[in-house]
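Q:
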Amino acid sequence: MKNQYGDYILQKASEVLAIPSPTGYTAEAAKFIMKEFEALGVKATQTVKGGVVLDFGGKDDENAILLEAHMDTLGGIVSEITGTGRLKVSPLGGMEANNAEAENVTVVTKFNGEYEGTCQLANASVHVNGEYGDSKRKWSSMEIVLDEKVKNAEDVKKLGISIGDIVCFDPRTRITKQGYIKSRFLDDKLSVAILLGYAKYLKDEGVTPARRTYGHITVYEEVGHGGCASVPAGVTEAISVDMGCVGVGLDCDETMVSICAKDSGGPYSYDVVKGLIEAAKKADAKYAVDVYPHYGSDVEATLRAGYDVKHGLIGAGVYASHGYERSHREGAENTLKLIAEYIG
Ligand SMILES: [Zn+2]
Numbered sequence: 145m146k147n148q149y150g151d152y153i154l155q156k157a158s159e160v161l162a163i164p165s166p167t168g169y170t171a172e173a174a175k176f177i178m179k180e181f182e183a184l185g186v187k188a189t190q191t192v193k194g195g196v197v198l199d200f201g202g203k204d205d206e207n208a209i210l211l212e213a214h215m216d217t218l219g220g221i222v223s224e225i226t227g228t229g230r231l232k233v234s235p236l237g238g239m240e241a242n243n244a245e246a247e248n249v250t251v252v253t254k255f256n257g258e259y260e261g262t263c264q265l266a267n268a269s270v271h272v273n274g275e276y277g278d279s280k281r282k283w284s285s286m287e288i289v290l291d292e293k294v295k296n297a298e299d300v301k302k303l304g305i306s307i308g309d310i311v312c313f314d315p316r317t318r319i320t321k322q323g324y325i326k327s328r329f330l331d332d333k334l335s336v337a338i339l340l341g342y343a344k345y346l347k348d349e350g351v352t353p354a355r356r357t358y359g360h361i362t363v364y365e366e367v368g369h370g371g372c373a374s375v376p377a378g379v380t381e382a383i384s385v386d387m388g389c390v391g392v393g394l395d396c397d398e399t400m401v402s403i404c405a406k407d408s409g410g411p412y413s414y415d416v417v418k419g420l421i422e423a424a425k426k427a428d429a430k431y432a433v434d435v436y437p438h439y440g441s442d443v444e445a446t447l448r449a450g451y452d453v454k455h456g457l458i459g460a461g462v463y464a465s466h467g468y469e470r471s472h473r474e475g476a477e478n479t480l481k482l483i484a485e486y487i488g
């Protein structure tokens, strides 16, 4: 498989990352993603909930396979406007306060446009706050400092900012000379881009998948019900394409595709894990098999919703997950190689 797909995937990942899509606010990203898949000849249908179901075609309708990746990310929602004109935030998904500190944000209002600001510890000047170093970073001790001349709640409300407005954190996407991609929300927009890479591979090389192959770019994965619905008829196997864990005690790094044997939701299908390992070997894809200590996936939501399918989880290695994440072009390429080989 040609190297060009790695560069293509990182390019598409940056484009998807540039469209904010905290869980619950994904319409713009969905529009872009549908357009991109359609341009590659993949039939894309929007679900009622806001996800995108993809039909990659395929020869054998009997044992259809579904690839699930999520477009929703972490973020925040305005939960309070303080007397000093700051915004308190309730996290969307598992966004950690200490990972949000000092990040630029955009506050998206429902009727009055967007406003810029920064997520800071309350009383953030070290020259003023003697407790700065010792303060625990919790959402209750953090606030959004708006880049507006506001002194109190009244001023903020006059701008048209309300409780329930969406707070989008700057992804700070950067691709380095050595092929690393650093960004917030590689989980799971890198996988969305890998599926675009798969569509491009099918189109460029004139390949029809050996099995009928569907995709579901889900929403609400970060809150646990992304993959609960919209499984096309005939699907007997569902594979989450989501970030692979990288960290102490695990074998995977950012240049590899991770095959998950077990996570917080229990073991993945024995047959699927074994098949994925065989395919990785055959495709010469650099891979690691790991057990993830703290993780749940879309396909587990699919199973919990009652679908009778075999399930698996693969993805490019991502370090510093749910923070300022890092992966590598080779991790994306190896994931694509594995998908192409496994499906045939
Ligand atoms: Zn994820």
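Under my numbering, the residues of the sequence shown are numbered 145 to 488, in order. Backbone N, C-alpha and C define an ideal beta-carbon position, used for all residues, glycine too. Treat the numbers as computed from the prediction; the structure is a model and nothing was measured.
1. Closer than 7 Å by C-beta to I163: which residues in its own chain qualify, once you throw out the five before and the five after it? Chain order, please.
2. Closer than 6 Å: is that where the CB of D434 sits relative to any heavy atom of ligand 1?
3. Just the C-alpha distance for E477 and D332, rounded to the nearest angstrom, thanks.
4. Please list the segments of the beta strand (DSSP E) lying wholly inside the region 263-334, counting only runs of 3 or more residues, in order along the chain.
5. Run the CB neighbour count on S402, radius 10 Å, all protein chains shown included, and call it buried at 16 or more, exposed below.
6. Relative to the C-alpha of H360, which candidate in P376, V390, S306, L161 has its C-alpha closest?
7. Could you tell me the alpha carbon to alpha carbon distance between I221 and H214, rounded to whole angstroms?
8. Hey, how far is the Cα of T320 from the Cα of E206?
9. Pull up the DSSP beta-bridge partners for Y358, would you.
10. In the DSSP assignment, find the unbroken alpha helix (DSSP H) run with A173 in it and report its ends.
11. Relative to the alpha-carbon of V144, which residue among G202, D204, I310, L211 has its alpha-carbon at the smallest distance?
12. Give a yes or no on whether the minimum CB-CB distance between D442 and chain B is below 7 Å.
13. Is the separation between the beta-carbon of G461 and that of V390 shorter than 7 Å?
14. Spatial neighbours of K344 within its chain, please: CB distance less than 7 Å, with the 5 preceding and 5 following residues excluded, ordered by chain position.
15. Could you work out which residue in K481, R328, G219, N248 is closest to S234 when comparing CA atoms only?
16. Do S465 and M387 have their beta-carbon atoms positioned less than 7 Å apart in this structure?
17. Scan the region 395-471 and note each continuous alpha helix (DSSP H) run of 4 residues or more that stays entirely inside, going in chain order.
18. What span of residues does the beta strand (DSSP E) with K232 cover, start to end?
19. Going by DSSP, what residue range makes up the alpha helix (DSSP H) through E485?
20. Per DSSP, what are the beta-bridge partners of S384 in this structure?
21. Starting from S223 and walking both ways along the beta strand (DSSP E), at which residues does that stretch end?
22. Would the beta-carbon of G261 fall within 7 Å of that of V249?
23. Any heavy atom of ligand 1 closer than 6 Å to the Cβ of D331?
24. Helix, strand or coil for N242, going by three-state DSSP, please let me know.
25. Tell me whether the beta-carbon of S327 lies closer than 7 Å to the beta-carbon of L154.
26. For K254, which of helix, strand or coil comes out of DSSP?
27. What residue range is occupied by the uninterrupted alpha helix (DSSP H) comprising K156?
28. Do you know how far the Cα of D299 is from the Cα of K430?
29. Could you check whether the Cβ of D452 sits closer than 6 Å to any heavy atom belonging to ligand 1?
30. For Y412, collect the residues of the same chain with a Cβ closer than 7 Å to its Cβ; drop the 5 residues on either side in sequence, then sort them by chain order.
31. For D386, verify whether its CB is less than 6 Å away from any heavy atom of ligand 1.
32. Closer than 6 Å by C-beta to K187: which residues in its own chain qualify, once you throw out the five before and the five after it? Chain order, please.
33. Which same chain residues end up closer than 6 Å to Y276 when comparing Cβ atoms and leaving out the 5 residues on each side of it in sequence?
A: Short version:
1. Locating residue 163 in the sequence shown gives position 19, counting from the first residue. Same-chain partners within the cutoff: E172, A173, F176.
2. Indexing the sequence shown from 1 puts residue 434 at position 290. Flag unset: Cβ of D434 not near ligand 1.
3. Taking the first residue of the sequence shown as 1, we reach residue 477 at position 333. Taking the first residue of the sequence shown as 1, we reach residue 332 at position 188. Using only the alpha carbons, I get a separation of about 15 Å.
4. 286-290, 310-313, 324-327
5. Reading the sequence shown from its first residue, position 258 is the one you call residue 402. So S402 ends up on the buried side.
6. For the purposes of this step, residue 360 is taken as residue 216 along the sequence shown, with counting starting at 1. If we check each option's Cα against that of H360, P376 comes out closest.
7. Start at 1 with the first residue of the sequence shown, and residue 221 comes out as number 77. Start at 1 with the first residue of the sequence shown, and residue 214 comes out as number 70. Looking at the two C-alpha atoms, the distance is approximately 20 Å.
8. Against the sequence shown, residue 320 aligns to sequence position 176. Against the sequence shown, residue 206 aligns to sequence position 62. Their Cα atoms are separated by approximately 43 Å.
9. For the purposes of this step, residue 358 is taken as residue 214 along the sequence shown, with counting starting at 1. Y358 is bridged to D199, L210.
10. The residue labelled residue 173 in the question sits at position 29 within the sequence shown. Start and end: 171-183.
11. Shown here, the chain extends from 145 to 488; a query on residue 144 therefore has no answer.
12. Absent from the structure: chain B. Only one protein chain is present.
13. For the purposes of this step, residue 461 is identified with residue 317 of the sequence shown, where counting begins at 1. For the purposes of this step, residue 390 is identified with residue 246 of the sequence shown, where counting begins at 1. Yes, Cβ-Cβ distance for G461 and V390 is below 7 Å.
14. For this step, residue 344 is matched to residue 200 along the sequence shown. Here the set comprises Y149, Y152, L184.
15. By 1-based counting over the sequence shown, the position of residue 234 is 90. S234 has its Cα closest to that of G219, out of K481, R328, G219, N248.
16. Mapped onto the sequence shown, residue 387 falls at position 243. Mapped onto the sequence shown, residue 465 falls at position 321. Contact: yes.
17. 414-427, 442-448
18. As a first step, residue 232 is located in the sequence shown; it is residue number 88 there, counting from the start. Its beta strand (DSSP E) spans residues 231-236.
19. Residue 485 sits at position 341 when you count from the first residue of the sequence shown. Start and end: 473-487.
20. Counting from one through the sequence shown, the residue named residue 384 turns up at place 240. DSSP, once it has assigned bridges, lists E212, L457 as partnering S384.
21. Looking up residue 223 in the sequence shown gives position 79. It spans 219-225 - the beta strand (DSSP E) in which S223 sits, taken as one unbroken run.
22. Position 117 of the sequence shown holds residue 261. Position 105 of the sequence shown holds residue 249. Yes.
23. For the purposes of this step, residue 331 is taken as the residue at position 187 of the sequence shown. Because some heavy atom of ligand 1 lies under 6 Å away, the Cβ of D331 counts as near it: yes.
24. In the sequence shown, residue 242 corresponds to position 98, counting from 1. Helix, per DSSP.
25. Start at 1 with the first residue of the sequence shown, and residue 327 comes out as number 183. Start at 1 with the first residue of the sequence shown, and residue 154 comes out as number 10. Not in contact: S327 and L154 (Cβ atoms no closer than 7 Å).
26. For the purposes of this step, residue 254 is taken as the residue at position 110 of the sequence shown. Here K254 sits in coil by DSSP.
27. What you label residue 156 is simply residue 12 of the sequence shown in a count that begins at 1. Note, K156: alpha helix (DSSP H), 148-161.
28. In the sequence shown, counting from the first residue as 1, residue 430 sits at position 286. In the sequence shown, counting from the first residue as 1, residue 299 sits at position 155. Taking the straight line from one Cα to the other gives about 55 Å.
29. Counting from 1 along the sequence shown, the entry for residue 452 is found at position 308. No, the Cβ of D452 stays beyond 6 Å of every heavy atom of ligand 1.
30. As a working note, residue 412 is residue 268 in the sequence shown. Cβ neighbours of Y412 beyond the five flanking positions: C404, A405, K406, H455, G456, L457.
31. Along the sequence shown, one-based indexing puts residue 386 at 242. D386 Cβ: within cutoff of ligand 1.
32. The count along the sequence shown starts at 1 and reaches residue 187 at position 43. Answer for K187: D199, listed in chain order.
33. The residue given as residue 276 occupies position 132 in the sequence shown. Here the set comprises V270.
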